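Chemist:
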Amino acid sequence: MTTQMRFISAALLYGALLGLTGCSDGSGDPSAQIGPNPVLPNLQQYLIPPMHIAKVIGWKKGETPSVAQGLKIEPLATGLQHPRSLYTLPNGDVLVVESKAPKAPAPSRPKDIVLGIVESWATSGGQTGPSNRITLLRDTNGDGVPDSQSVFLDHLNSPFGVVLVGNELYVANTDAIVKYPYNAGDTKITAPGETLTPLPGGPIDHHWTKSLTASPDGKLLYVGFGSNSNITENGMEAEHNRANILEVDRDSGRFRIFASGLRNPNGLTFEPQSGALWTVVNERDEIGPDLVPDYMTSVKDGAFYGWPYSYYGQHVDPRVKPQRPDLVSKAIPPDYALSSHVAPLGLAFYTGTNLPESYRGGAFVGEHGSWNRQVLNGYKVVYVPFSNGKPNGKAQDVVTGFLDGNDNARGRPVGLAVDKAGGLLIADDVGNTVWRVTGSGTGPSPAARL
Amino acid sequence: MTTHDIYDERIASTAQIARHPIHPMLVPVPIVCFIGALIADIVYALTAQMMWANFSAWFLVVGVIIGILAAIAGLIDFLSNRHIRALTPAWLHMVGNLVVLILAIFNVLIHTRDAWTSVVPTGLILSIVTVLILPITGWLGWTMVYRYGVGVAR
């Protein structure tokens, strides 16, 4: 009898260990999930979801990301403090939004403690000096090397989006759109900001980046902000006015929901040819290495894109209670999948002439990189060709090498912008660098353009 | 089952503080935690209020941590005394509670999922099964103490 008991005990222990140590995550080919009709596998739920965090090691002196043929890359500014987004002013000055996540709330369950530790691996490295400010880069002689790098606007609250309309500079802090006076050539703003519209911020503030752009005529602002959870695990109340893009009247600050169900919309930008508003969106986690593809999409007025009730159109997410079949029936699929967990945070349409012909008219996307799959995905800048205002063709890798050969992150791309000379700028938030990509040019020097 | 009465032998506990065995000091914590987790899971399943799922997740983690400590103390008593190993209820008590701990560890992981499926249905089922085993293994534990005098001071 006792040997039998021993055998049962050993079998139970062995079974438990086997169940706890997951194996490979069985992820498929990410390229099957790029384009208008991604392949969606069946939803899976895990005891321990597949996780692989690229450890941040930073850039050694002289190291740069790699670029596709016909391009070159150089650091435009280094030694920054978590640069997350970029904006080019009409006089060619570049604003670098340096921003850190707001203080995390007290853990509501044990998982929050574990995730907090895991996340700190992915964002550690680099300096920990003062952030939450905007730095101005000025390149007076147009040689691609800034002559000055100075603090333009300080003491902000986890800022992300910036847009200039006339003489008014709007900054999307994590809790409000704030308006500042700006005159061409200013290198510092000291005037106190004026709150235009409050935005949903803390105390949870799970997705804290507030993306901002203005309509081409400058009358309206569009601000995007993400959900307050992965998939409503902080309670439905926390999701009030979350995962939306708002349309804000610039004069009065009044707003309405322009589009909803967008889990974490960033990179709001107007597509130059069609005049449509576009965004890149981070979709939900923990239902598989190939679910759900992150995407870019034109944003239709009044449209519902599914979060939290469904994904990629009307694929119901069983984790949400109560379910809302009435809303799911209205959910529309987005335009273009970028593949799962790549974490797109930056979007820039390219209308310049500095880069080779093949990069004109389409969109660059900054992919911050995955954590929720074994095989890392993203950690690069891709180019999606467009024609007639719509994506036309597969995304191509443009800037890579943010990972070293051993899945360590030297940097991670976030926000993108195009400078006055037509160079593509990339904010690298853990590499604390702004990169500038230009045509390697066999013809006339791209710097000789002014 | 052999029913030789060894009540008078009064088997000593090895993991003890001043002849107070550690194992019975610790076991109430996981028992209460797993019952608390079941209650919280039931209320969550009825209300879908995340607060209850969060309660359950804390209960389970604390229950598993203290439960492992209780298991270590119990295992020390079990392994270091052949008189205890000779008791059939001791084996059943150990295996039963090992099953409880393994189920609870799985339940902790199920409860790390987000929102509804962190509880319904798998988490709730595991909580029910865990709590159903507890009175059986508890009975066996009491058998060891009250009938065989395990850990009872001379």
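Sequence order for the protein chains is A and B.
Counted from 1, the first sequence has number 426 at position 426 by my numbering; the numbering is strictly sequential.
Add 450 to the 1-based position in the second sequence for my numbering, that's all there is to it.
Glycine included, C-beta positions come from ideal geometry on N, C-alpha and C.
Every value quoted in this text rests on a predicted model; they were computed, and no experiment measured them.
1) Using 10 angstroms around the beta-carbon of L130 (chain A), count the other beta-carbons present and answer buried if the total reaches 16, otherwise exposed.
2) Determine the chain A residues that contact N504 (chain B) at a beta-carbon separation under 8 Å, and present them in chain order.
3) For chain B, find out if any of its Cβ atoms is closer than 8 Å to the Cβ of L47 (chain A); answer yes or no.
4) Could you work out which residue in B:S568, B:I586 and B:I515 is closest to L476 (chain B) when comparing CA atoms only?
5) Buried or exposed, going by whether 16 or more other CB atoms sit within 10 Å of the CB of P198 (chain A)?
6) Residues of the stretch 305-322 of chain A with a CB closer than 7 Å to any CB of chain B: list them in chain order, please.
7) Which residues in the same chain as G415 (chain A) place their Cβ atom closer than 6 Å to its Cβ, once the five residues preceding and following it in sequence are excluded?
8) Whole angstroms is fine: what's the gap from G546 (chain B)'s alpha carbon to V97 (chain A)'s?
9) Chain B beta carbons: is any one of them nearer than 8 Å to that of E233 (chain A)?
10) V511 (chain B): which of B:A468, B:R460 and B:V479 sits nearest, CA to CA?
11) Can you grab the Cα-Cα spacing for the pair H206 (chain A) / I534 (chain B), in whole Å?
12) If we define contact as Cβ-Cβ less than 8 Å, is R532 (chain B) a contact residue for chain A?
13) When the Cα atoms are used, what is the spatial distance from V319 (chain A) to R436 (chain A)?
14) By a C-beta neighbour count over all protein chains shown, 10 Å radius and 16 as the cutoff for buried, is T587 (chain B) buried or exposed?
15) Does any C-beta atom of chain A lie closer than 8 Å to the C-beta of F556 (chain B)?
16) Compute the distance between the beta-carbons of V178 (chain A) and T190 (chain A), then report whether it is under 8 Å.
17) Between which two residues does the alpha helix (DSSP H) holding M501 (chain B) run?
18) Against chain E, does E286 (chain A) count as a neighbour if the rule is that its beta carbon must be under 8 Å from one of theirs?
19) Which whole-angstrom value is the C-beta distance of A417 (chain A) and V384 (chain A), which I expect to be below 8 Å?
20) With a floor of 3 residues, list each beta strand (DSSP E) that falls wholly inside the stretch 89-128 of chain A, ordered by position along the chain.
21) Under a CB-based cut-off of 8 Å, is M500 (chain B) close to chain A?
22) So the beta strand (DSSP E) T572 (chain B) belongs to, where does it begin and stop?
23) Among the residues of its own chain, which have a CB less than 6 Å from the CB of I208 (chain A), if the five just before and after it don't count?
24) For a cutoff of 8 Å on Cβ pairs, would you count V579 (chain B) as touching chain A?
25) DSSP beta-bridge partners for P471 (chain B)?
26) Please classify I461 (chain B): is it buried, with 16 or more other beta-carbons within 10 angstroms of its beta-carbon, or exposed?
27) Please confirm whether N282 (chain A) has its beta-carbon closer than 8 Å to some beta-carbon of chain B.
28) Is the stretch 558-574 of chain B in contact with the stretch 515-530 of chain B, if contact means three or more CB pairs nearer than 8 Å?
29) Taking L376 (chain A) as the reference, give the member of A:G352, A:D404, A:Y359 and A:V365 with the closest Cα.
30) Going along the chain, which residues of its own chain have a beta-carbon closer than 7 Å to the beta-carbon of S370 (chain A), five neighbours each way excluded?
31) Checking the sheet assignment: what are the DSSP bridge partners for R436 (chain A)?
32) Once you ignore the five residues that flank V328 (chain A) on each side, which residues in its own chain have a CB closer than 8 Å to its CB?
33) Quick one: residues in its chain with C-beta nearer than 7 Å to the C-beta of L291 (chain A), no 5 flanking neighbours on either side, listed in chain order?
34) Flag this pair as yes or no: are the beta carbons of V550 (chain B) and L584 (chain B) separated by less than 8 Å?
35) Check whether the Cβ atoms of I245 (chain A) and V299 (chain A) lie closer than 8 Å to each other.
36) Spatial neighbours of T21 (chain A) within its chain, please: CB distance less than 8 Å, with the 5 preceding and 5 following residues excluded, ordered by chain position.
Modeler: In short:
1) By one-based count along the first sequence, residue 130 (chain A) stands at place 130. According to the sequence as given, residue 130 (chain A) is Pro; it is not Leu. Looking at its Cβ environment, which holds fewer than 16 other Cβ atoms inside 10 Å, P130 (chain A) is exposed.
2) For the purposes of this step, residue 504 (chain B) is identified with residue 54 of the second sequence, where counting begins at 1. In chain order: S108 and R109.
3) One-based indexing of the first sequence puts residue 47 (chain A) at position 47. Yes, L47 (chain A) lies at the interface with chain B (some Cβ there is under 8 Å from its Cβ).
4) Within the second sequence, numbered from 1, the residue matching residue 476 (chain B) stands at position 26. The shortest Cα separation from L476 (chain B) among B:S568, B:I586 and B:I515 belongs to B:I515.
5) As a first step, residue 198 (chain A) must be located in the first sequence, where it is residue number 198. Looking at its Cβ environment, which holds fewer than 16 other Cβ atoms inside 10 Å, P198 (chain A) is exposed.
6) P318, R319, V320, K321 and P322
7) Counted from its first residue, the first sequence places residue 415 (chain A) at position 415. Contacts found: R84, S85, L86, G346 and A427.
8) Stepping through the second sequence from its first residue, residue 546 (chain B) is reached at position 96. Stepping through the first sequence from its first residue, residue 97 (chain A) is reached at position 97. Between G546 (chain B) and V97 (chain A), the C-alpha separation is close to 58 Å.
9) Counted from its first residue, the first sequence places residue 233 (chain A) at position 233. Yes, E233 (chain A) lies at the interface with chain B (some Cβ there is under 8 Å from its Cβ).
10) Along the second sequence, read from residue 1 onward, the residue named residue 511 (chain B) stands at position 61. Out of B:A468, B:R460 and B:V479, B:V479 has the C-alpha closest to the C-alpha of V511 (chain B).
11) Along the first sequence, one-based indexing puts residue 206 (chain A) at 206. Along the second sequence, one-based indexing puts residue 534 (chain B) at 84. Roughly 53 Å between the two C-alpha positions.
12) Against the second sequence, residue 532 (chain B) aligns to sequence position 82. Taking Cβ atoms only, chain A never reaches closer than 8 Å to R532 (chain B), which makes this a no.
13) Residue mapping note: residue 319 (chain A) aligns to position 319 of the first sequence, counting from 1. Residue mapping note: residue 436 (chain A) aligns to position 436 of the first sequence, counting from 1. Note on identity: in this sequence residue 319 (chain A) is Arg, with Val being the wrong assignment. So the two alpha carbons sit approximately 42 Å from each other.
14) Position 137 of the second sequence, counting from 1, holds the residue named residue 587 (chain B). Under this definition T587 (chain B) is a buried residue.
15) In the second sequence, residue 556 (chain B) corresponds to position 106, counting from 1. With 8 Å as the cut-off, F556 (chain B) counts as an interface residue toward chain A.
16) Sequence index remark: in the first sequence, residue 178 (chain A) carries index 178 (1-based). Sequence index remark: in the first sequence, residue 190 (chain A) carries index 190 (1-based). Contact flag unset, no.
17) As a first step, residue 501 (chain B) is located in the second sequence; it is residue number 51 there, counting from the start. First-last of the alpha helix (DSSP H) with M501 (chain B): M500 to L529.
18) You won't find chain E in this structure, because its protein chains are A and B.
19) The residue labelled residue 417 (chain A) in the question sits at position 417 within the first sequence. The residue labelled residue 384 (chain A) in the question sits at position 384 within the first sequence. About 17 Å; that fails the 8 Å criterion.
20) 94-98
21) On the second sequence, residue 500 (chain B) is found 50 positions in, with the first residue counted as 1. By this cut-off, M500 (chain B) is an interface position.
22) For the purposes of this step, residue 572 (chain B) is taken as the residue at position 122 of the second sequence. Looking at the DSSP string, T572 (chain B) is not in any beta strand (DSSP E); the run it does join, the alpha helix (DSSP H), is T572 to W592.
23) Working through the first sequence from its first residue, we reach residue 208 (chain A) at position 208. Note on residue identity: the sequence assigns Trp, not Ile, to residue 208 (chain A). Result list for W208 (chain A): A101, P102, S158 and T174, in chain order.
24) Position 129 of the second sequence, counting from 1, holds the residue named residue 579 (chain B). With 8 Å as the cut-off, V579 (chain B) does not count as an interface residue toward chain A.
25) For the purposes of this step, residue 471 (chain B) is taken as residue 21 along the second sequence, with counting starting at 1. DSSP lists B:Q466 as partners of P471 (chain B).
26) Taking the second sequence and counting its residues from 1, the one referred to as residue 461 (chain B) is at position 11. Looking at its Cβ environment, which holds 16 or more other Cβ atoms inside 10 Å, I461 (chain B) is buried.
27) Working through the first sequence from its first residue, we reach residue 282 (chain A) at position 282. So, not an interface residue.
28) no
29) Working through the first sequence from its first residue, we reach residue 376 (chain A) at position 376. L376 (chain A) has its Cα closest to that of A:D404, out of A:G352, A:D404, A:Y359 and A:V365.
30) As a first step, residue 370 (chain A) must be located in the first sequence, where it is residue number 370. Here the set comprises H341, V342, A343, L376, N377 and G378.
31) Taking the first residue of the first sequence as 1, we reach residue 436 (chain A) at position 436. Beta-bridge pairing links R436 (chain A) to A:E74 and A:L425.
32) Residue numbering aside, residue 328 (chain A) sits at position 328 when the first sequence is read from its first letter. Excluding positions up to five away in sequence, the list reads G306, Y309, S310, Q314 and V316.
33) Here residue 291 (chain A) refers to the residue found at position 291 of the first sequence. Here the set comprises L40, P41, L43 and S340.
34) Within the second sequence, residue 550 (chain B) is the residue found at index 100, counting from 1. Within the second sequence, residue 584 (chain B) is the residue found at index 134, counting from 1. Contact: yes.
35) In the first sequence, residue 245 (chain A) corresponds to position 245, counting from 1. In the first sequence, residue 299 (chain A) corresponds to position 299, counting from 1. Yes. Within cutoff.
36) Taking the first residue of the first sequence as position 1, residue 21 (chain A) is located at position 21. Caution applies to T21 (chain A), whose pLDDT of 43 falls short of 50 and renders its modelled position unreliable; the model cannot decide the point.
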